[in-house]
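One structure is given here, and the rest of the page talks about it.
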Amino acid sequence: MDWRDQLRVKYKTANVVEKLIALNIGVFVLQFVFQTLAFLFQFSGNFFVNWFSFPTQIELWLYKPWSVISYAFLHAGFFHLLFNMIVLHFAGRFFLTFFAPKKLLNYYFLGAISGALLFALSYNLFPVFSNLGNVPLIGASAAVMAILIGVATQAPQMQIRLLLIGNVKLWHIAVVFVVLDVIRIPFGNAGGHIAHLGGALLGYAYTKQLNKGNDIGLWFEKIFDAVAGWFSSASSSKKTPFKKVYRNPKNTYSAKTSTASKTDKQKKIDAILDKISQNGYESLTQAEKDFLFKVGKE
1 MDWRDQLRVK YKTANVVEKL IALNIGVFVL QFVFQTLAFL FQFSGNFFVN WFSFPTQIEL
61 WLYKPWSVIS YAFLHAGFFH LLFNMIVLHF AGRFFLTFFA PKKLLNYYFL GAISGALLFA
121 LSYNLFPVFS NLGNVPLIGA SAAVMAILIG VATQAPQMQI RLLLIGNVKL WHIAVVFVVL
181 DVIRIPFGNA GGHIAHLGGA LLGYAYTKQL NKGNDIGLWF EKIFDAVAGW FSSASSSKKT
241 PFKKVYRNPK NTYSAKTSTA SKTDKQKKID AILDKISQNG YESLTQAEKD FLFKVGKE
């Protein structure tokens, strides 16, 4: 199994939280590699912020409507990313105990959208922001808050053991996060804290509506499935180009045997990966797990 197959296995076996964390880290690395190159070659390094951050002015947003989601994958620095990913890891793990992976994506993206909209509304409503100009919004905090508050609303009495503190109920943690955002509004990054509260409101409302049998994120899930299906169809329609290969007749038998063996192994790997994609890693038989483990060491 080469490195590409190993990456495919890791991607297929990763849960939705791990994939979101990997995506955030990947964007962060790309963002700062670009800024480093901009510094070295003396060109503008604000490309990512200019095109993917969420603006306060509606007219600017109309030029980049994707920014209502894309801003949630940009971060101002390493510790900004680290804190958000730690919270996403733990909140997401608890979330998947009660909800399906697709619901987590709904909370994440709708939390980002809700945070951006409350951010924009506040900047155009409250006089305190009138002289600040365009201060773009970046960070996954609103999306992560939606997941944290969503699962805390579903299971408020769940106990979590924190280092040096002991057992703490999930709703206590959620309240601390919300209160900290409220009291820190006057002390800097007011727009960011307001966006966090937008994500928190979405998480709370979404869970409450789900418990009433009303999925307010179903429309987004359908759009997401349609887009994912389109990309899947486009990928599967690609044809492998024809290659003409000349072989030494003396080596024909051994070459055919080796090729057939590799082809059969690759087909088996593909079948197992498809099974993981559809039903999860736990659906594999022990023999299939052993096979993956064996080829992973080759």
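Just so you know, our numbering puts 191 at position 191 of the sequence shown, and the rest follows in order with no gaps.
Note that the Cβ used here is the ideal one computed from N, Cα and C, for glycine as well.
This one's a predicted model, so the numbers in the text were calculated from it and none came from an experiment.
Which residue comes first and which comes last in the beta strand (DSSP E) that contains Lys169?
Unbroken beta strand (DSSP E) run through Lys169: 166 to 169.
Using the three-state DSSP reduction, which class does Phe109 fall into: helix, strand or coil?
Looking at Phe109 - three-state DSSP - the assignment turns out to be helix.
So, under 8 Å CB-CB, Leu202 and Gly111 are touching, yes? Tell me the CB distance rounded to an integer number of Å.
Indeed they touch by this definition, with Cβ atoms about 5 Å apart.
Measuring alpha carbon to alpha carbon, tell me which of Ser67, Val17, Lys222, Ala200 ends up nearest Thr97.
When each option's Cα is compared against that of Thr97, the closest is Val17.
According to DSSP, is Gly139 part of a helix, a strand, or is it coil?
Gly139: coil per DSSP, three-state reduction.
Can you tell me whether Gly133 is buried or exposed, with buried defined as 16 or more other CB within 10 angstroms of its CB?
Gly133 should be labelled exposed.
What do you get for Thr153, buried or exposed, if any count of 16 or more other CB atoms within 10 angstroms of its CB means buried?
Buried.
What is the residue span of the alpha helix (DSSP H) that Gln159 lies within?
That residue, Gln159, is in no alpha helix (DSSP H); its beta strand (DSSP E) goes 159 to 162.
Following the continuous alpha helix (DSSP H) through Trp61, name the residue where it begins and the one where it ends.
Here the alpha helix (DSSP H) through Trp61 covers 58 to 61.
What's the gap between the Cα of Leu180 and the Cα of Ala143?
Cα-Cα distance, rounded: 17 Å.
Would you mind reading off the limits of the alpha helix (DSSP H) that contains Leu210?
Where Leu210 is concerned, the enclosing alpha helix (DSSP H) stretches over 190 to 211.
With a threshold of 16 other CB atoms inside 10 Å of the CB of Asn131, please say whether the residue is buried or exposed.
Classification for Asn131: exposed.
Please say whether Phe95 and Leu82 have beta carbons closer to each other than 8 Å?
No. Outside cutoff.
Counting C-beta neighbours from all protein chains within 10 Å, is the total for Ser141 16 or more, i.e. buried, or is it exposed?
Buried: at least 16 other Cβ atoms inside 10 Å.
Can you name the start and end residues of the alpha helix (DSSP H) that Phe52 belongs to?
Looking at the DSSP string, the run of the alpha helix (DSSP H) that includes Phe52 is 47 to 52.
Within the same chain, show all residues whose beta-carbon is closer than 7 Å to that of Val135, passing over the 5 residues directly before and after it, in chain order.
Around Val135: Thr56, Gly191.
I need the straight-line Cα distance from Leu74 to Asp264, nearest angstrom please.
Looking at the two C-alpha atoms, the distance is approximately 42 Å.
Quick check: is the beta carbon of Val182 nearer than 8 Å to any beta carbon in chain B?
No chain B appears in the structure shown, which is made up of a single protein chain.
Would you call the stretch 194 to 214 and the stretch 116 to 128 touching, i.e. three or more CB-CB distances under 8 Å?
Touching, yes, given that three or more Cβ pairs across the two stretches are closer than 8 Å.
Should Val33 be labelled buried (16 or more other beta-carbon atoms within 10 Å of its own) or exposed?
It counts as exposed.
Between Val9 and Phe78, what straight-line distance do the alpha-carbon atoms span, to the nearest angstrom?
If I take the Cα positions, the gap works out to 28 Å.
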